[in-house]
Amino acid sequence: MSELIVYFSRSGNNYVNGSIVNLPTGNTEIIAKFIHELTGAELFKLEPVKKYSADYTECTNEAKRELNSGARPEVVSYPEKIDADTIYLGYPNWWGTMPMCVYTFLERYDFTGKIIRPFCTHEGSGMGRSEREIQRVCPGAKVERGLAIHGADASKSRNLVENWLKR
Numbered sequence: 462m463s464e465l466i467v468y469f470s471r472s473g474n475n476y477v478n479g480s481i482v483n484l485p486t487g488n489t490e491i492i493a494k495f496i497h498e499l500t501g502a503e504l505f506k507l508e509p510v511k512k513y514s515a516d517y518t519e520c521t522n523e524a525k526r527e528l529n530s531g532a533r534p535e536v537v538s539y540p541e542k543i544d545a546d547t548i549y550l551g552y553p554n555w556w557g558t559m560p561m562c563v564y565t566f567l568e569r570y571d572f573t574g575k576i577i578r579p580f581c582t583h584e585g586s587g588m589g590r591s592e593r594e595i596q597r598v599c600p601g602a603k604v605e606r607g608l609a610i611h612g613a614d615a616s617k618s619r620n621l622v623e624n625w626l627k628r
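First residue of the sequence shown: 462, per our numbering; consecutive thereafter.
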């Protein structure tokens with residue numbers, strides 16, 4: 462069974478435990494790399510053509526505007542095709558769901574017959590409504606129960622990721 466890890470992650474100014482801190486690597490990317498280490502699955506990072514603001518507050522405002530308008534921000538590149546049977550889909554929880562560039566990716570492919578295992582990082586909102594949204598956007602896929610990791614705990618969550626992968 463082949464596997465692929467597709468994720469969006471934002472480094473730089475991020476909200477962590479009530480403070481704005483500068484993260485050299487985004488929390489979701491840390492989790493994606495743990496999954497890669499544990500499964501050997503190929504990594505593919507989604508990168509929006511238009512970068513989000515480096516300022517955390519402005520970034521959240523941009524994300525909210527995209528959500529409210531139903532935007533589908535273009536990404537720099539896409540996998541040529543999705544041959545994998547299982548896709549690990551990672552993202553930060555923004556406004557209760559996935560960043561809109563993740564929707565851009567999902568709507569580009571037919572995931573019929575594939576397994577999608579979502580994982581997200583958050584600062585208190587868990588998976589939000591993202592699992593339902595993935596199922597709505599990818600009606601032919603089997604969307605498994607996701608893994609939500611508190612962003613501040615991302616770097617020390619390898620065991621949690623490993624246990625999730627075994628389910």
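Beta carbons are placed, not taken as given, at the ideal position from N, Cα and C, and that holds for glycine.
Among the options, the one whose alpha carbon lies nearest that of residue i
i: Ser618; options: Phe505, Tyr468 and Ile491; result: Ile491
i: Asn488; options: Gly501, Glu605 and Ala613; result: Ala613
i: Ser591; options: Gly585, Glu584 and Gly607; result: Gly607
i: Glu605; options: Leu484, Glu584 and Lys575; result: Lys575
i: His583; options: Cys520, Tyr476 and Ser538; result: Tyr476
i: Met588; options: Ser472, Ala609 and Pro485; result: Ala609
i: Lys627; options: Asn483, Thr486, Thr500 and Arg471; result: Thr500
Close-in-space but distant-in-sequence residues of the same chain around residue i (CB under 7 Å, 5 per side omitted)
i: Leu504; result: Ile466, Ala493 and His497
i: Asp516; result: Asn474
i: Glu594; result: Thr558 and Met559
i: Ala502; result: Glu464, Leu465, Ile466, Ile496 and Tyr549
Close Cβ partners of residue i (< 8 Å) along its chain, the five nearest in sequence each way excluded
i: Phe572; result: Ile543, Ile548, Cys599, Gly601 and Ala602
i: Glu568; result: Arg533 and Val598
i: Ala524; result: Tyr513, Trp555, Trp556, Pro560 and Met561
i: Val510; result: Pro534, Glu535, Val536 and Val537
i: Cys520; result: Arg471, Asn474, Tyr513 and Ser514
Extent of the continuous alpha helix (DSSP H) run through residue i
i: Ile491; result: Asn488 to Thr500
i: Tyr564; result: Met561 to Leu567
i: Ala524; result: Tyr517 to Ser530
i: Arg533; result: Arg533 -> no alpha helix (DSSP H), and no H or E assigned at all.
i: Lys444; result: A question about residue 444 goes unanswered here, because the residues of the chain that appear run from 462 up to 628.
Own chain partners of residue i with C-beta closer than 6 Å, once the 5 adjacent residues on each side are dropped
i: Val563; result: Phe469 and Tyr552
i: Leu507; result: Phe469, Val536, Cys562 and Phe566
i: Leu550; result: Val467, Ile577 and Pro579
i: Ile481; result: Asn474 and Tyr517
i: Ser616; result: Ile491
i: Leu528; result: Trp556
Endpoints, the beta strand (DSSP E) within which residue i is located
i: Ile595; result: Per DSSP, Ile595 belongs to no beta strand (DSSP E); it is in the alpha helix (DSSP H), Ser591 to Val598.
i: Lys506; result: Glu503 to Lys506
i: Val477; result: Gly473 to Val477
i: Val467; result: Glu464 to Tyr468
i: Arg606; result: That residue, Arg606, is in no beta strand (DSSP E); it is neither H nor E in DSSP.
i: Asn483; result: Ser480 to Leu484
i: Arg578; result: Ile576 to His583
Contact belief for residue i with residue j at Cβ below 8 Å, rounded distance in angstroms
i: Pro534; j: Thr565; result: 6 Å
i: Asn624; j: Cys581; result: Rounded, the Cβ-Cβ distance is 17 Å, inconsistent with contact.
Near the ligand FMN: residue i beta-carbon under 7 Å from a heavy atom
i: Gln596; result: The ligand FMN is absent from the structure shown, which contains no ligand whatsoever.
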